[in-house]
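Residue numbers (numbering that gives the first Met the number 0): 0 to 130. The beta-carbon is built from N, C-alpha and C at its ideal position, and this holds for glycine as well. None of the values given here were measured: they were computed from a predicted structure. The structure appears right after this line, and notes come after that.
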Amino acid sequence: MVTSVTFADIRFLAWRFRTILWPRRWRLVLVLGLIFATSLLEGVSFSLIVPLMQAFTSNDAGQNAGPALFQTYQLWLGSYTTEGRLTILGLVLMSLFGVKNVLQYLREALSTRLWLGIGAESRMQVFSHVL
């Protein structure tokens, strides 16, 4: 038998989720921030490899990118050879990859603790209601 869901049922469920999530709100915000940071680092470290390699290996690297970026490029990497720029590129990409993996591990650990805590509290509330 199918029963209809009323607005009061939805409000009750929203209130129950709020009472469970509210003490853990900062952990939830931290998990969402880590999700954003790992996604950003994933995009930077992998999808920009080819354009960065083209920019680092060409002789006129950075000239088409705009004056501020070209000045920064000339200041930091203008004196290096092509091999030196590629070495720096590899180190930067590997460090971004490492930072992304550390943040991803923290995100997984925090989200696991968050969901296990929510599950434990939900079970405790059900058992206290039944008993």
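Q) Taking C-alpha atoms, which residue in T5, V4, A13, A36 lies nearest to Y104? A) Looking at T5, V4, A13, A36, the one whose alpha-carbon comes closest to that of Y104 is A36.
(Q) Using 9 Å as the threshold, is the C-beta distance between L113 and L33 below it? (A) At the C-beta level, L113 and L33 stay beyond 9 Å of one another.
Q.
What does the alpha-carbon distance come out to for the pair L29 and P22?
A. CA-to-CA, the gap between L29 and P22 works out to about 13 Å.
Q.
I want to know whether the stretch 5–21 touches the stretch 112–127 - three or more CB-CB distances under 8 Å.
A. Taking 8 Å as the limit for Cβ pairs, the verdict is that the stretch 112–127 does touch the stretch 5–21.
**Q.** Environment of S44 [buried if 16+ CB atoms lie within 10 Å]
**A.** By the 10 Å Cβ count, S44 comes out buried.
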